[in-house]
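Inspection log for the structure reproduced underneath, given as structure tokens.
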Amino acid sequence: MERLDASVNIIDGELPSWTSSILPNLIYFNMSNNLLKGRIPPSMGNMNQLYYLDLSNNGLTGEIPEKLAKNCTQLFILKLSGNNLKGQMLPRNSILTNLRVLDLASNSFTGDISPSMMNISSLQVLDVSNNSLSGTLPNWIGDFQDLRVLMLSGNLLGGPLPLSFCNIKYLFLLDLSNNNLGPNIPSCVNAPFVKSLHLANDTLTGHFPEFLLKCSSIVTLDLRHNALLGEIPNWIGSLWNLKFLLLQGNNFEGLIPRDLCLLKNMSILDLSNNNLFGQIPSCLKDVRFGNDELTTDLYGLFSDLDERDLLQLEEVKFTTKMRLESYKGNILKLMSGIDLSQNNLRGFIPPMVGYLSEIRALNLSHNHLTGSIPKTFSNLKNIESLDLSYNNLTGLIPPQLTELYTLSNFKLAYNNLSGRIPDRKNQFGTFGEESYEGNPLLCGLPLTRCDGSNSGHGTPQSTNHTREDDCWREAFLWSFAGSYVVAFFGVVLFLYVNSYYQLVLVKLVRKLIPLFP
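When the count follows the numbering used here, it moves up by one through the sequence shown with no breaks and lands on 517 for the last residue.
Structure (structure tokens):
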């Protein structure tokens with residue numbers, strides 16, 4: 001037997017130590033997505049014909065056997081992600097000189113990036129994300145000139161990127177997010193073939209990275225949660241393949257550049273939590289924000305690698321329905337949204353935004369927007385999340401919005417809206433009081449402060465009070481009357497026991513009140 005694929009089952013227990021003696025000529029061995037546990041048997045190192053080994057997404061423990069990394073020199077693809085493996089990434093005496101794909105993500109590996117990696121000069125894909133690796137990115141990383149995919153996110157790596165990083169010319173996907181690899185990116189970086197760049201949570205400083213000007217092929221740009229500042233450059237419109245632009249949580253300022261409207265293929269635009277000001281460009285209507293598929297020619301560089309696997313590597317995080325969601329693979333192709341929240345945007349919401357009929361999420365909250373909610377929003381037929389809260393919007397809620405059948409998250413809280421809330425039909429029957437609170441002139445269910453007699457023109461009723469208000473009013477009247485009676489009888493008693501003040505009071509009354517005959 002040369003090929004054995006028992007992946008995606010419920011096989012449990014340990015891998016038997018005698019596997020290599022029964023299947024010595026095995027070339028392809030796939031036991032991924034099962035319930036395996038225990039250690040990887042060192043005897044698997046005797047399977048020196050192995051070309052493909054995938055034990056990912058199990059419960060394997062211990063370290064990678066040195067015998068496996070030393071004897072299986074024919075290994076082309078090694079996938080051990082999603083286990084509980086620990087120790088160094090690779091044993092010191094590893095001789096995996098033919099390895100093209102090494103996937104060790106989501107384990108518990110510690111220490112530096114293994115020096116034994118230096119012997120794998122033909123490596124094309126390296127994924128060690130979500131481990132506990134520390135230290136700096138070694139200078140010899142630049143020797144991997146055939147590297148196409150480098151994923152180091154979610155580790156404890158620190159320090160600046162080495163200058164040798166500039167030698168890697170053919171990177172397709174680079175993910176260094178959730179480390180401490182700032183504060184700058186070497187100016188010599190030249191990645192003309194990069195499609196996906198993830199540098200979120202990396203303590204980057206300075207302005208918008210200028211090396212991106214040469215990255216006309218880029219599809220995903222994730223710079224979230226850094227300390228970048230200055231303006232978003234106008235030349236961003238030249239990145240015509242850009243589909244996912246994520247700049248949340250920086251210090252960008254200035255206007256939203258109109259050149260963003262040149263990015264016709266954009267699906268997700270996240271500029272939230274910055275210092276942007278001015279108006280929302282009405283030309284955003286020219287951007288598709290639709291469900292266009294990622295073109296498969298993005299992966300044409302990889303003749304040796306499975307195109308579907310590369311698509312699954314891409315991951316975009318975007319906040320919708322008040323929670324951070326992760327979109328991968330086919331789901332990513334269907335998602336579209338705009339998040340401009342927590343900025344200093346002013347002016348009216350352009351009615352043209354209502355013609356983005358394919359968009360699924362729109363968040364304009366926590367700005368200073370004025371005017372009314374555009375009636376054109378009734379054209380957002382695929383919208384699932386619409387958040388306009390914490391602005392200065394006025395006027396009525398367009399009743400046409402009740403025809404948005406896909407809407408499941410709707411926030412208008414803390415504006416200056418008035419009038420009657422649209423009828424509780426379709427999706428509007430599911431929205432609670434929290435969707436409308438902070439608008440004193442709004443009336444109707446689910447709010448409880450006004451009843452059906454309100455005309456709906458924004459005038460609150462003068463008799464609008466609760467039972468608790470009546471109780472407080474009654475208590476106040478009784479306490480006032482009691483205090484008056486006590487004071488009156490106190491004065492009478494004082495005069496009764498003091499004859500001097502009685503005489504003074506009689507003289508005062510005689511002066512103030514004329515005597516009658």
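Cβ atoms here follow ideal geometry from the backbone N, Cα and C, with glycine treated the same way.
Since we're looking at a predicted model, the values are computed, not measured.
Counting along the chain, the unbroken alpha helix (DSSP H) around Ile331 starts and ends at Gly329 to Leu334. At a Cβ-Cβ threshold of 8 Å, Ile113 and Gln145 do not count as neighbours.
Leu404 sits away from Ile421, with the two beta carbons spaced by 8 Å or more. Distance from the CA atom of Leu75 to the CA atom of Ser43, rounded to whole angstroms, is 15 Å. Per DSSP, the beta-bridge partners of His368 are Arg346. Taking the CA atoms as reference points, Lys243 sits about 17 Å from Cys283.
Contact annotation: the region 338–351 does not touch the region 323–330, with fewer than three C-beta pairs closer than 8 Å. A Cβ-Cβ separation of about 7 Å places Asn363 in contact with Leu340 under the 8 Å criterion.
The alpha carbon of Glu14 has as its nearest neighbour, out of Met31, Gly38 and Asn201, the alpha carbon of Gly38. Measuring C-alpha to C-alpha distances from Arg288 to each of Thr319, Gly254, Pro257 and Ser336 identifies Ser336 as the nearest.
The criterion of a C-beta distance shorter than 8 Å is not satisfied by Gly354 and Ser372. No Cβ-Cβ contact shorter than 8 Å links Asn416 with Leu447. If the five residues before and after Ile236 are omitted, its C-beta is found closer than 7 Å to the C-beta atoms of Pro257, Asp259 and Leu260, all from its own chain and listed in chain order. Beta bridge pairing from DSSP links Ala227 with Thr205. For Leu68, the enclosing alpha helix (DSSP H) begins and ends at Glu66 to Asn71. In this structure, the straight-line span from the alpha carbon of Gly159 to that of Leu90 is close to 23 Å.
In the structure shown, Val101 adopts extended strand secondary structure according to DSSP, grouped into three states. Residue environment analysis places Arg3 among the exposed positions, since fewer than 16 neighbouring C-beta atoms fall within 10 angstroms of its C-beta.
The DSSP-derived three-state label of Lys285 is helix. Around the beta carbon of Cys188, a 10 Å sphere encloses fewer than 16 other beta carbons of the protein chains shown; the residue is thus reported as exposed. Within 10 angstroms of the beta-carbon of Ala6 lie fewer than 16 other beta-carbons, which makes it exposed. Tyr355 carries a helical assignment under DSSP once its states are collapsed to helix, strand and coil.
The residue among Pro233, Asn190, Leu161 and Asn241 with its C-alpha nearest the C-alpha of Asp202 is Leu161. Membership of Ser20 in the alpha helix (DSSP H) is indicated by the continuous run Thr19 to Ile22. Proximity to Ile268 across Ala227, Gly230 and Phe318 peaks at Phe318, based on C-alpha coordinates.
Between Ser238 and Thr220, the C-beta spacing is not below 8 Å. Partner residues in the beta bridge of Phe244, as assigned by DSSP, are Thr220 and Ile268.
Secondary structure at Met151: strand, using DSSP grouped into helix, strand and coil. DSSP, reduced to helix, strand and coil, places Asn119 within a helical segment of the structure shown. Here the C-alpha atom of Leu386 lies approximately 44 Å from the C-alpha atom of Leu36. Secondary structure at Ile338: strand, using DSSP grouped into helix, strand and coil. Burial check for Asp423: the Cβ neighbour count within 10 Å stays below 16, so the residue is exposed. Per DSSP, Arg360 is not a residue of any beta strand (DSSP E), being assigned neither H nor E. In the DSSP assignment, Glu253 falls within the unbroken beta strand (DSSP E) covering Asn251 to Leu255. Residue range Ile77 to Lys79 is occupied by the beta strand (DSSP E) that includes Lys79. The alpha-carbon separation between Val125 and Tyr51 amounts to approximately 15 Å.
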